[in-house]
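Novice: In UniProt numbering, the protein residues as written are 1 to 362. Quick reminder that beta carbons are idealized off the backbone N, C-alpha and C, glycines included. Every value quoted in this text rests on a predicted model; they were computed, and no experiment measured them.
1. Going by alpha carbons, who is nearest to residue 287 out of 307, 22 and 210?
2. Could you give the distance in angstroms between the alpha-carbon of residue 123 and the alpha-carbon of residue 27?
3. Once DSSP output is grouped into helix, strand and coil, what is the label at residue 301?
4. By the 10 Å Cβ neighbour count, where 16 or more other Cβ atoms means buried, how is residue 114 classified, buried or exposed?
5. Determine the DSSP secondary structure at residue 8, reduced to helix, strand or coil.
6. With residue 38 as the anchor, note down where its beta strand (DSSP E) starts and where it stops.
7. Does the beta-carbon distance from residue 300 to residue 163 come in below 8 angstroms?
8. If you drop the 5 nearest sequence neighbours on each side, which residues of the same chain put their C-beta closer than 7 angstroms to that of residue 369?
9. What are the start and end residues of the beta strand (DSSP E) that includes residue 437?
10. In chain order, which continuous runs of the beta strand (DSSP E) of length 3 or greater are located wholly inside the UniProt domain "Arrestin C-terminal-like" (173–315)?
11. Quick check on DSSP: helix, strand or coil for residue 108?
12. Three-state secondary structure (DSSP) at residue 115?
13. Judging by CA-CA distance, which residue of 159, 244 and 338 is the nearest neighbour of residue 285?
14. Is residue 64 helix, strand or coil when you go by DSSP?
15. Quick check on this structure: which residue in 212, 262, 67 and 204 has the alpha carbon closest to the alpha carbon of residue 175?
16. Using only the alpha-carbon positions, how far apart do residue 245 and residue 214 sit?
17. Taking the straight line between their C-alpha atoms, what separation do you get for residue 271 and residue 310?
18. Residue 277 and residue 74 - do their beta-carbons sit closer together than 8 angstroms?
19. With a Cβ-Cβ cutoff of 8 angstroms, do residue 91 and residue 135 count as a contact?
20. Out of 140, 259, 107 and 96, which one is the CA nearest neighbour of residue 235?
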């Protein structure tokens, strides 16, 4: 027959003032408990803040098909919001206010599902813990959406790369270099990334046929068995004519270019945000690469990759409204204050911050 449902004796709901928060914010809300029937054994009301990552992908085919999965609870804090004196829960209505101080280093909410699954989600859970083996807890949960705070806006960023160019039969053709500069490092989806570049081909004996400018998203997934799966998406791109052999781009020839932060294959769907987690890692960068005449595959071409951060567009707020039961006259308690961080989480999050500082290393 199974255990009795705790909801037979009443209900519990947890609601925050809003659904969207930034890491480092203070989350305020209430736990509403309404007991309509005696017989529930339990006296502890608990509040849990949970952050969890999930990944899933498949490799191989037929009898060699294998599913890889990752599940990681990277943030969990549970506190007792209230303890009743009697283990036999009394009939009545109660409100337990709470205040959660979020760690400033928590990663933002993330969701991607298209052939693979990558998610990072938060929720708050309220429960009255049953001390009876035959009756389940009375519980309720609410999703929280977290965004990472803007840590540092760099007004401009530039990078330079040089290479020895080698053509067919490993013939050395001289050196060529490229320097790329972007306007800033942080963007919202659909914004325009403004950039320019200089190519010095004066010491090279091959023409630059074209220059590729590509917006790339690199999504890396990790499973609980430490296997990894990396996907790279070329979202938007442009091609331009490059300088001939023995020449370089003169100041008068220098142009400014733009790439919109959209996926050309699905322009109406907003880009997912940048994120650095344990199982889910999503970064963006602008890649600018010249292509030389003939066969120059014997040597690496000078390629510049400049990382950028894509922020999430805030969703529309929606929290399911509370329906007040009849004869609602609750007893209100003093708010509890929770510091939502632990030493173990901080060490992991500090590592994530180092990765954010130079995401191209991953």
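Specialist: Quick look at the numbers:
1. 307
2. Roughly 12 angstroms between the two C-alpha positions.
3. coil
4. That one is exposed.
5. helix
6. It is not in any beta strand (DSSP E) - residue 38 carries neither H nor E in the DSSP assignment.
7. yes
8. For residue 369 there is no data in the structure shown, the boundaries of the chain being 1 and 362.
9. As displayed, the chain neither begins before 1 nor continues past 362, which places residue 437 out of reach and without an answer.
10. Correct list: 192–200, 208–222, 228–240, 257–260, 280–292 and 304–310.
11. In the structure shown, the three-state DSSP call for residue 108 is coil.
12. Here DSSP, grouped into helix, strand and coil, assigns residue 115 to coil.
13. 159
14. Residue 64 carries a helical assignment under DSSP once its states are collapsed to helix, strand and coil.
15. 204
16. 24 angstroms
17. 8 angstroms
18. yes
19. Taking 8 angstroms as the Cβ cut-off, residue 91 and residue 135 do not qualify as a contacting pair.
20. 259
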